[in-house]
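See structure below.
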Amino acid sequence: MSSESLPHVEKGKGSDVEVNTEDVFAKLVQSEEDHDIKFRTLSWQKTALLLLTEYVCLAMLALAWSFMVLGWGAGIAVTLVLAVSTWYTSYTCWQYCMKHPHIRDVVDIALQLTGGNQIAGEATAIMLLLNNICIMGFHVLTGSKIFNTLSDHSQCTVVFQVLTAIICFIFSIPRTLQHVLTTGGPSVAKFIPAFNATLNITFLFIGQIMYPSFIAEMKEPKDFPKALTVLTVAEVIIFFLAACIGYAYNGQYSTAPLIGSLQEPWMKKSAFAFVLVPTIVIAALYANVAGKYIYRRVLGDSRHAHSHTIVGWGTWIFIQAILWAVSWILGETIPSMGDFLGIMSAAFDSFFGYLFWAAAWFELNRGRYFHGVGQTTLFITNVIIFGLGLLMLGPGLWTSIEAVIDDYAAGTAHAFNCKDNAL
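Just so we're aligned, residue -11 is where the sequence shown starts under this note's numbering, counting upward by one.
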């Protein structure tokens, strides 16, 4: 169902979600009843599991390193602030999606925020694809580390990266998120590492770029806040445990990821064996969302989008193959896992974690920014959120690029080589 065919939605009071959007979403679910491939099938419980799948990953084992760089006080403060701000901006994201039922991804949000400006839409599309491809490439890099560790570097690292990309490609073939889920389950010298450590924590919390796509495949999007609450509570508990226990036991020897701090080879192999499947499934989630955007640009809302046709499946598989080929190349070019996280946080999380949702709040509340103490407080909060996004985009990106340059200058890694990258 296109946005033009959706019934008009009346504007509610305050920042409350519009009262009749539930009927609109119900009609969207009904419109898929005669389709071979049904997308709007996720319950809020499965959405919560999907969100947890996105976040509970190997990257959280970089938290101990971040705490080592920042110290106990700053590390705990940054983690708590990010947990609260991420919940709030995610809630704003949901409100915006509920107000505009036609939204299927962040590109639709950008178009809605800018009144249909095509330049903004295309720029957001480029960022969506680059962000997801970067994360896919990060998991290609991670997969090679896992296989090298498990096999004692039995093959060239490039071989393991190709193997990881192929496995992830296979897991990316399902076209609905439901099926993807089923497959798994102050000197500059001090400023750069401190900022990168903060960006690493930021990367773990911020995943709102995926939320519109998750909401678009829910049977009842009004229940998304339930899934979001489950996610936030679980994140705080799991992330604090990973960071505090890791840093307490390893101190200045904490690495990113923490598995590298383990001394016995059998410990590293045992730990890595448990993160192999999540690494693949998370990569498949990002490939799914990126692939769907391209797929819609190519075939639109034709019958191929929801039917088992040769054209439909052939196009989908071809898109996934191209995405994973590009991701493999990217995964070969970044020398450090920590640097990879920092670049992605600065370049993309600034927009999809902060700037977009501050702008969404300003639109949702236009004309009533200062109606009462509560609204005024939220206005100031969103101004701060917007400022944080700009801070990440400017100094954050600069420090991340400097870290990559330093790594290459130190001879830590080179692109496309067989050197063992096991931890």
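Don't be surprised by glycine CBs; every beta carbon is placed ideally from N, CA and C.
Item: C-alpha gap between Ser201 and Arg92, whole angstroms; Value: 5 Å
Item: Whole-Å CB distance - Ala412 paired with Gly319, under 8 Å assumed; Value: This structure cannot settle anything about residue 412, because the visible part of the chain is limited to -11 through 411.
Item: Residue nearest to Glu334 in terms of C-alpha spacing, selected from Tyr342, Ser315, Gln308, Leu385; Value: Going by the sequence as given, residue 334 is Ala instead of Glu. If we check each option's Cα against that of Ala334, Leu385 comes out closest.
Item: Neighbour-count burial assignment, Ala236, 16 or more Cβ in a 10 Å radius; Value: exposed
Item: contact_flag[the segment 295 to 304, the segment 342 to 360] where n(CB pairs < 8 Å) is 3 or more; Value: no
Item: DSSP three-state assignment for Met86, whether helix, strand or coil; Value: helix
Item: For Ile134 and Asn405, the rounded distance between their alpha carbons; Value: 17 Å
Item: Limits of the unbroken alpha helix (DSSP H) element including Phe227; Value: 212 to 238
Item: Under the three-state DSSP convention, the category Ser206 falls into; Value: Inspection of the sequence shows that residue 206 is occupied by Met rather than by Ser. Three-state DSSP puts Met206 in a strand.
Item: Supposed close pair Thr164, Phe262 - CB separation, criterion 8 Å; Value: Between Phe262 and Thr164 the Cβ distance is about 26 Å, and since that is not below 8 Å, they are no contact.
Item: Residues near Pro162 in its chain [Cβ-Cβ closer than 6 Å; skip 5 each side]; Value: Val168
Item: Beta carbon of Thr80 nearer than 8 Å to that of Ala391; Value: no
Item: Short Cβ contact (8 Å threshold) for Leu413 with Met115; Value: The question about residue 413 has no answer here: the residues shown for the chain are numbered -11 through 411.
Item: Closest Cα partner of Val69 within the set Thr369, Ser388, Pro383; Value: Thr369
Item: Outcome for Ser(-10) when other beta-carbon atoms lying within 10 angstroms are tallied against a minimum of 16; Value: Note that Ser(-10) scores a pLDDT of 44, beneath 50, so its modelled location is shaky; the value from the coordinates is reported in the next line. Ser(-10) comes out exposed.
Item: Same chain, Cβ closer than 8 Å to Glu416, five either side skipped, listed in chain order; Value: The structure shown does not extend to residue 416, since the chain is modelled only from -11 to 411, so the question has no answer here.
Item: Residue range of the unbroken alpha helix (DSSP H) whose run includes His127; Value: 106 to 139
Item: Pairwise C-alpha distance: Leu216 and Ala222; Value: 10 Å
Item: 7 Å Cβ shell around Tyr76 - same chain, five flanking residues per side excluded; Value: none
Item: Beta-carbon separation (whole angstroms), Ser388 vs Ile317, contact threshold 8 Å; Value: Contact flag wrong, Cβ pair sits at about 19 Å.
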